[in-house]
Amino acid sequence: MSKLTTKRLKLLHTILTSALTLSTALVSGIHGRKPLPTKIEGFKRSAARYVLNDYSYTSSVTLMLQSQEWKTLQYRRSYNSLVMFYKERTQTVAVDQYHLIPTSPTNFTTLS
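Sequence positions in the sequence shown follow mature numbering (1 follows the signal peptide of the UniProt record, and there is no 0) and run -32 to -1, 1 to 80.
What follows is the structure in structure tokens.
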């Protein structure tokens, strides 16, 4: 790989990582909305073609993504949720829990 290609790859990887991390944070709480994640995945697929400089119609973008080891948005969301859950459980991150703990006992009623 030439120096230009390596620099290009590193620059694009940095941009993609920061942009996708931000977009994952913004979209992580929104359920049932597909347009934005679809756009993000489409952008990532275009970026894979750009990084590898392969615009052939017969080339597989999925294989390109696998060769670059880029994770899907769904995978990153799940992974980040699990990491945050672990950090909350081990108290390695400061989270105000006053809004999570009910202040009064909850009464559960059964429906007859």
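Even for Gly, the Cβ is constructed at its ideal location relative to N, Cα and C.
Between the C-alpha atoms of Leu31 and Glu9, what's the straight-line distance to the nearest angstrom?
Near 14 Å, if we compare the C-alpha coordinates of Glu9 and Leu31.
Taking 8 Å as the threshold (C-beta atoms), are Val19 and Leu(-24) in contact?
Contact: yes.
For the alpha helix (DSSP H) containing Asn48, name the first residue and the last one.
Asn48 -> alpha helix (DSSP H) spans Leu41 to Arg57.
By alpha-carbon positions, which one of Phe11, Lys55 and Thr60 ends up nearest to Thr40?
The shortest C-alpha separation from Thr40 is found at Phe11.
When the Cα atoms are used, what is the spatial distance from Phe53 to Leu33?
Taking the straight line joining both Cα atoms gives about 28 Å.
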